[in-house]
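If you use our numbering, the sequence shown corresponds to residues 587 to 1049, in order. Where is the CB? At the ideal position from N, CA and C, for every residue including glycine.
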Amino acid sequence: YGMMIFSVGLSLYLGCFVYAGVALYWTASNIFAILQLYLLNWAINPKNYVDYEALEETKKELAEIEALGTKKGKRNKEDIKREKADYKKFFSVVNKHLVFYSEGSGFYKYFKGIIEYILNNTNITIHYVTSDPDDQIFRIAEKESKIKPYYIGEKKLITLMMKMDADVVVMTMPDIENYHIKRSYIRKDINYVYVPHGMDSLNMTMRTGSMDHYDSVLCTGKIQKEEIEKTEEVYNLPKKELVEWGYSLLDEMREDYAKMPKKENDIKSILIAPSWQKDNIVDSCLEDILDNLKGHGYKITVRPHPQHVRHMPEKMEGLKERYKNDTDIEIQTDFSSNSTVFEADLMITDWSGIAYEYAYTTCKPVLFIDTPMKIMNPEYKKIGIEPLNIWMRYEIGRVLKLDEIDKTADTAAKMLAASDTYKDSIDRFVKEYVYNLGSSASVGAKYIIQEIQKAIKRHKEQE
């Protein structure tokens, strides 16, 4: 304090005589302070004590967390009030056995079969947390008393997950613990179960380490199981419970398709369904494909990804205008029905996941355009397993490179002529590479029920 008193006193003394003295003093003190800072940084280098890269990553993560809830627009007061009430209600319930978390209404379809089996065969109450205020689960819960729905926005979800108290938590969200959504700080014995929302490679299409902190994974087929086992081996990770599950959404689609009236199309129908990833068909070669196909006697439907319609409406209208006089081409931007998908005789796509749903459901072939591949995990080659996304294309269809677009019509004709051969080979492929075809919902549900029963027994033994 002595130096500070001296400094203030000197300033007042100089101020009594010369205004310039005060200015000189403060200017000099600031200059010497800067010099002192540089000397200290040279003597004691902060880089030896602070991880600046980690600091920058933390800043970015904090900014992303701060932005949560604003990306989709501001919520109204009613939703905020509702969230507060649901948050309080969620924690007012003790001894929760089962919690599902959904990012939005569209994710319910991945849980549907499992949830319905649990409701029909047990008295377990399902606590269903969603970040979508308009989630269909609220309408479903009106007719099903064993479903307790809660609306929790993305920001509030952070603390809810930290305080989670349940025996089993089921999610489709990868990267738990890696970013802002953490495992429970309250209970360390929760079984976190990951449900894939696709039948493709988890190793290539997910970020590095995206499933490292899950306890269990419901695997759609043997390739996913092998990938996870090999990842655990290569990275020396704790072993997870890998359930040979299947894909209940596929079972439902195959069942619905089996009920559809089948008829031979007089005019063969070709559906073009691109992905939304960078350099997709729409961005790179759609017009070339259409120009090559038109006039060959096909009914051609372009069903762009919903994000194309949302973010590129001018381009969609431009396509409609360009091909308005081509009666064999339709640019379809209404997604209310899937009949167009299942009625097509051939699909053309790039890396879209719709290829699996279409081929595995209808046993009809897919013509893949070899646009640049989207790789979420730059380390995917480390485990030494070629991703299903790559080699599967040759099992359920054919592949054309971008410089082979002029062969589209000829290739399509050959594939359509071999439709019976494809039907048999695709059916065999699905039965070999997808677990429990037709019964996956019960398999997944029984595993969850079993884990809850184990937890209840464990609690009783600890009393």
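Within the model, the alpha-carbon separation for V820 versus Y966 is close to 11 Å. S691 is positioned such that its CB atom lies closer than 8 Å to that of D720.
Taken in chain order, the unbroken stretches of beta strand (DSSP E) that lie wholly in the region 700-754 and span 3 residues or more are 712-716, 733-737. Per DSSP, the beta bridge partners of R984 are L953. G739 and S717 have their C-alpha atoms roughly 5 Å apart. For the pair D842 and N822, the Cα-to-Cα distance works out to about 43 Å. For a cut-off of 8 Å, the C-beta gap from A945 to I982 is around 4 Å, short enough to register as a contact. For G807, same chain residues with a beta-carbon under 7 Å away, outside a window of 5 residues either side, are M785, Y1019, V1020, Y1021 in chain order.
In the DSSP assignment, H766 falls outside any beta strand (DSSP E) and carries neither an H nor an E. By the Cβ-count criterion, K675 is exposed, with fewer than 16 other Cβ atoms from all chains shown falling within 10 Å of its own Cβ. DSSP, reduced to helix, strand and coil, places M797 outside both helices and strands of the structure shown, so it counts as coil. Shown here for V1016: same chain residues with a beta carbon closer than 7 Å to its own, the five before and five after excluded, namely Y946, L1023 in chain order. CA-CA distance, T919 to V927, rounds to 13 Å. Collapsing the DSSP output to three states places S855 in a strand.
Judged by DSSP secondary structure, H894 falls within the alpha helix (DSSP H) whose first and last residues are 892-897.
Using a Cβ-Cβ distance cut-off of 8 Å, the region 887-903 and the region 949-966 are not in contact, since fewer than three pairs of beta carbons, one from each stretch, lie closer than that value. P824 counts as exposed, since fewer than 16 other beta carbons sit within 10 angstroms of its beta carbon. Each residue's CA atom was taken as its position, placing V829 and M959 some 29 Å apart.
For I875, the enclosing alpha helix (DSSP H) stretches over residues 872-879.
Distances from the CA of I1012 to each of R984, L988, H1045, A1031 were compared; the closest alpha carbon is that of R984. In the three-state DSSP reduction, K885 falls in the strand class (E or B). If you look at Y687, you'll find it in the beta strand (DSSP E) that goes 682-688. Excluding the 5 residues flanking it on each side, N764 has same chain C-beta neighbours closer than 8 Å at R793, G795, S796, D798, H799, in chain order.
Contact annotation: A752 and K682 have beta-carbon atoms nearer than 8 Å.
Contact check for K854 against L1002 passes: the beta carbons are separated by less than 8 Å. With contacts defined as CB atoms closer than 8 Å, I867 and A930 fail to qualify as a contacting pair. Contact annotation: the region 1030-1041 touches the region 695-713, with at least three C-beta pairs closer than 8 Å.
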